[in-house]
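First up is the structure itself, then whatever we jot down about it.
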Amino acid sequence: MSLRAIHLAGEVIPAGKILCVGRNYAAHAKEMGTVVPAEPILFFKPATALAFPHGDDLFVPRAFGELHHEVELVCLLGAGGKNLSTEDASRAVAGIAVGVDLTLRAIQARAKETRSPWAVAKGFDSSAPVGDFIRCDGADIGARAMSLHVNGSKRQEGNTTDMIFTVAAVVSFATRYFTLERGDLLFTGTPPGVGPLEDGDEVVAAVAGVPELSFTVKR
Ligand code: MN
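Numbering (the numbering used here), first residue to last: 1226 to 1444.
Given below as structure tokens:
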């Protein structure tokens, strides 16, 4: 089975592109020393960034510099389209899971300084580990607590109700520019508390109501 196949309630859906929202929680924008954006900040990870570690090791070479965790709710699109209204966008979501937007923060910081793209900092192999998906009919994902623990201590805590742009708003906005398709994923942004990961760190990421995601960092 391909690593890029997503299992959803007995269906196998090939994973497409991975759309991500930056600074979608005000407290995280603040900790990064930036302001709350007026419209969604979007970037991509390639489908090859996807990983399903299921409690196993996740390898990111140490040579790449500082690696940060960002726990996020991840939506799986069951349908796509172009120029979707917010209402149509809200019907495009078919499943949800918890994921970690792994970020090579030193490389990203340099990219910000030189006004260069984030492709390397955000799109490297295994930069998008996700847990198992459950069905979610529609983008009304409700109020879900989320957290990330490293070696048993809490690093991140938040709630999906604190998103600046809703899932439907992000999907609708994105389809002005990109055709979204069944199998595409949306990383919806991270609450505050992002920080570095070292070799051997055990990461547990959780969003209420979906299977937990855990992995051991290998660097
Ligand atoms: Mn993120």
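Heads up, the beta-carbon is just placed ideally off N, CA and C, and yes, glycines get one too.
{"Check": "Check whether Val1296 and Ser1372 have beta carbons under 9 Å apart", "Outcome": "yes"}
{"Check": "Pairwise C-alpha distance: Leu1298 and Leu1422", "Outcome": "20 Å"}
{"Check": "Assigned exposure category for Met1226 - 16 Cβ within 10 Å defines buried", "Outcome": "The predicted position of Met1226 is uncertain, since its pLDDT is 43 and thus under 50; a value taken from the coordinates is nonetheless stated next. It counts as exposed."}
{"Check": "Alpha-carbon to alpha-carbon, Ala1433 and Asp1387", "Outcome": "14 Å"}
{"Check": "Pro1286 versus Lys1337: straight-line alpha-carbon distance, rounded", "Outcome": "22 Å"}
{"Check": "Opening and closing residue of the alpha helix (DSSP H) in which Ala1252 lies", "Outcome": "1251–1256"}
{"Check": "CA-to-CA distance, Asp1365 to Leu1244, given in whole angstroms", "Outcome": "18 Å"}
{"Check": "Rounded straight-line distance, which links the Cα of Asp1282 to that of Pro1262", "Outcome": "35 Å"}
{"Check": "Closer than 8 Å: Phe1269 CB and nearest the ligand MN heavy atom", "Outcome": "no"}
{"Check": "Pair within 9 Å by beta-carbon distance, Leu1438 and Val1318", "Outcome": "no"}
{"Check": "Opposing strand residues paired with Arg1360 [DSSP bridges]", "Outcome": "Gly1320"}
{"Check": "Cutoff 8 Å; reference Ala1394; Cβ partners in own chain excluding five residues on either side", "Outcome": "Pro1265, Thr1311, Ala1314"}
{"Check": "Through-space distance from Phe1268 to Ala1344, alpha-carbon basis", "Outcome": "8 Å"}
{"Check": "heavy atom of the ligand MN below 8 Å from Val1246 C-beta", "Outcome": "yes"}
{"Check": "Three-state class that DSSP yields for Phe1403 in the structure shown", "Outcome": "coil"}
{"Check": "Own chain partners of Asp1424 with C-beta closer than 8 Å, once the 5 adjacent residues on each side are dropped", "Outcome": "Arg1287, Val1442, Lys1443, Arg1444"}
{"Check": "Run of the beta strand (DSSP E) containing Thr1415, from where it starts to where it stops", "Outcome": "Per DSSP, Thr1415 belongs to no beta strand (DSSP E) and is neither H nor E."}
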